[in-house]
Structures are given as C-alpha cells and as structure tokens.
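In what follows, a structure is listed as structure tokens, so that the remarks can point back to it.
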Amino acid sequence: MPHAPQILTVTLNPALDLSARCDRVAPGPKLRLEGLVAEPGGGGVNVSRAIRALGGESCALVAWGGATGAQHRALLESAGVKVIALDQPGDTRQSLTVTDAQGQQFRFVLPGPDWTADMESRAIDTITAAAAEAPPDAPVVLSGSQPPRVGADFPHRLAAALGPGRLMVDTSGAALTRLVTAPNPEAMPMVLRMDQAESETLAGGALADTEASLKLAADMVDRGVAQVVVLARGAEGSVLAARDMRLDCRPPPVEVRSKVGAGDSFTAGFALELARSGDLARALRHGTAAAAAAVMTDGSQLCTGEASAGILPRCTLRAHAPAAQA
Numbered sequence: 001m002p003h004a005p006q007i008l009t010v011t012l013n014p015a016l017d018l019s020a021r022c023d024r025v026a027p028g029p030k031l032r033l034e035g036l037v038a039e040p041g042g043g044g045v046n047v048s049r050a051i052r053a054l055g056g057e058s059c060a061l062v063a064w065g066g067a068t069g070a071q072h073r074a075l076l077e078s079a080g081v082k083v084i085a086l087d088q089p090g091d092t093r094q095s096l097t098v099t100d101a102q103g104q105q106f107r108f109v110l111p112g113p114d115w116t117a118d119m120e121s122r123a124i125d126t127i128t129a130a131a132a133e134a135p136p137d138a139p140v141v142l143s144g145s146q147p148p149r150v151g152a153d154f155p156h157r158l159a160a161a162l163g164p165g166r167l168m169v170d171t172s173g174a175a176l177t178r179l180v181t182a183p184n185p186e187a188m189p190m191v192l193r194m195d196q197a198e199s200e201t202l203a204g205g206a207l208a209d210t211e212a213s214l215k216l217a218a219d220m221v222d223r224g225v226a227q228v229v230v231l232a233r234g235a236e237g238s239v240l241a242a243r244d245m246r247l248d249c250r251p252p253p254v255e256v257r258s259k260v261g262a263g264d265s266f267t268a269g270f271a272l273e274l275a276r277s278g279d280l281a282r283a284l285r286h287g288t289a290a291a292a293a294a295v296m297t298d299g300s301q302l303c304t305g306e307a308s309a310g311i312l313p314r315c316t317l318r319a320h321a322p323a324a325q326a
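Counting from 1, position 160 in the sequence shown corresponds to residue 160 in UniProt numbering; the numbering is continuous, with no gaps.
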C-alpha cells in the first residue's frame, strides 16, 4: 500500500466526551449513571483517531484550555495521536451521552469557550505553519463545530491562507451555511462534506433519492462552493460531485448499533485514501466502508480497520452522467 503524506486535522472546539448508562431517563428523580467512560472528542480529533485505526498517520492540531483541556490532551496522546496545541481562553467543553436500557441515546453538548478575533488570526497562522511542514499534497481537514463568536467566514479565510487543493471541511451551523450560501470561488475548500440532515436543511426539504442529492452536490460545485462536494445519505451511503464527475457509493447492509462517529469515520477513510492515491472514486469507497464500520460499534466508538477492510469490497460504486448529458 502506498505511503500517505501525513494528514493534518484541525479541531477548534474539542470536547471531552463522557458516556454512561442509565436504566431510564425521566424528569424528576436523580438519575444514577453507571459505566462512565471519558474519550477525547471533537470533529478533527475523531478523524485523527479513526485514521490511526485505519492504519494511517495524522497530526491533530487542537485548541485546548484549562484542566479539561489538559485531560483531553492526555487522553489523545495516550491513544498514539501526534498533537499540536493551540491555547484557547476558558476551559475545553464537555459532552455527555447517556444510553438507557432500551438503547436510546440522550446527547448533551456544551457550546465551548468564546473566541476573540485575535484568536482566529492566531489559529490561521498556526494551522498554515503546521501545513507548511507537511508535503504540499497532504490534506488539511477542518472538522467539527466552531467555538462561539468565531466568524462564519473562518473556513474561507483558512482556505485562502492554505492555497488551492489543501482544505477539506466537515462543519456545521453558521460556517456551513456561509460556505454554501455565499461561495467564494477564490477561497473555496478542496472538499466539502455534510451529513444528510445538514444537506436537506440547506436544500429546504427532503432529498428523496440519490439523484436529488447528486443534483444538489453538482449545483454546489458549479457555484464554486467547493471543488468536490460529498453528501451523506445514511444507509444509502454517500454521493460525490466534482467537475465532470458524479458518483454514488453504497455500503452493504450492516447491523446498526450506533450512528455516532459515522461521519468522522467517513472523513477519515476518505482523507486517508485521497492522500494515498489521489483518486476520488477510491476515496469515496474507503470513506463509505469506514462509515459503515462505525455504525456497527457501540456508543461513540469509531470505525475499526478490520471491519472497514471487510466491508470495502462489498461497497457498490456507481458513476452517473453529468446533468447536461443525462
């Protein structure tokens, strides 16, 4: 297998992810939790952890603060992930996932510390300096939510600073809306990925089938939102649009235990294979396999390399004619 340039992941708003079990979640009485587990979370952090599970290498650039940030960093380093620290004001946030006896999950997420404009500029300088140490074809993956008060144009500013063909974005909220509704062709990401719920919100309604998702993704490419747009479709896999390319990839049926971590696992598989081969179709298949492997795990666990490798040959990749030729 060809060696991949080391991938840089970026997490501006990490979370110390706490998970526990409870017989029943109901208002009123105190709820006694059992089986508490603490894991280092946040979009880019999870992508780095999944890349390691898939046999790849990455360096995680993470904004940390306070005692919770120190605990988060220690957990991530103990997992064998290389890190670059970006000091942030306040304390790193926490999240809590509670699973009841019926398997229902209740997820509580705090917003994270406020940032200043100076912090944004310092973050961009730190990210671009770290990216300059990597090979020019190594992807930079900006994943996860942004801290409060970070400008919605941060992904555009970072893409401009990094230059074309480097930045992959998997974000949410105002930053995602800004990317899609106010595209900047001179500062667009190389890849933009979003979940099904996010794409349907931006579309203003349900995307009934693969063709509907492909049409939306291709429209975003045409408008200069990103060079490549990937939209997830849940159990139906994902679609990809680029200039003169429309693909969809479906995983085989698998037993779904938890959907948490599927998106980050997809991004990890996609980025790792793109770094290795530069082939978008192969990257889509690897991302699809990693996402399917993730939903087979409990709680917030990510994909495993063994499960992903077993699923990969059973993922079905289809090419679609561009809209003008359909």
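Where a beta carbon is used, it is the ideal one built from N, C-alpha and C, also for glycine.
On a predicted model such as this, the values are computed, not experimentally measured, just so you know.
- A Cβ-Cβ contact shorter than 8 Å links glycine 144 with glycine 44.
- Glycine 66 sits in a helix when the DSSP states are folded into three classes.
- Taking the Cα positions, cysteine 22 is about 11 Å away from lysine 30.
- Non-local C-beta neighbours of valine 180 in its own chain, meaning closer than 7 Å and more than five positions away in sequence, comprise Leu202, Met220, Val225, ordered along the chain.
- Residues Ala38, Glu39, Pro40 of the same chain have their beta carbon placed closer than 7 Å to that of leucine 75, with the five preceding and five following residues left out of the count.
- Within the DSSP secondary-structure output, glycine 41 pairs in a beta bridge with Ala15.
- Taking a cut-off of 8 Å on C-beta distances, the stretch 141-160 touches the stretch 97-117, as three or more cross pairs fall below it.
- In this chain, the alpha helix (DSSP H) harbouring aspartate 125 covers 117-132.
- A check of alpha carbon separations from leucine 18 across Ser58, Val25, His72 identifies His72 as the nearest.
- At a Cβ-Cβ threshold of 8 Å, leucine 162 and threonine 128 count as neighbours.
- Valine 140 and alanine 152 do not touch by the CB rule: their CB atoms are close to 19 Å apart, not below 8 Å.
- Using a Cβ distance threshold of 8 Å, proline 251 and glycine 237 count as a contacting pair.
- Taking 8 Å as the cut-off, the Cβ atoms of histidine 320 and aspartate 248 count as close.
- In the DSSP assignment, the residues bridged to threonine 99 are Arg21, Gln105.
- Apart from sequence neighbours up to five positions away, the residues of its chain that approach valine 83 with a beta-carbon distance below 8 Å are Cys59, Ala60, Leu61, Val62, Arg73, Leu76, Glu77, ordered along the chain.
- Cβ-Cβ distances below 7 Å link glycine 80 to Arg52 in the same chain, with the five nearest sequence neighbours on each side left out; the list follows chain order.
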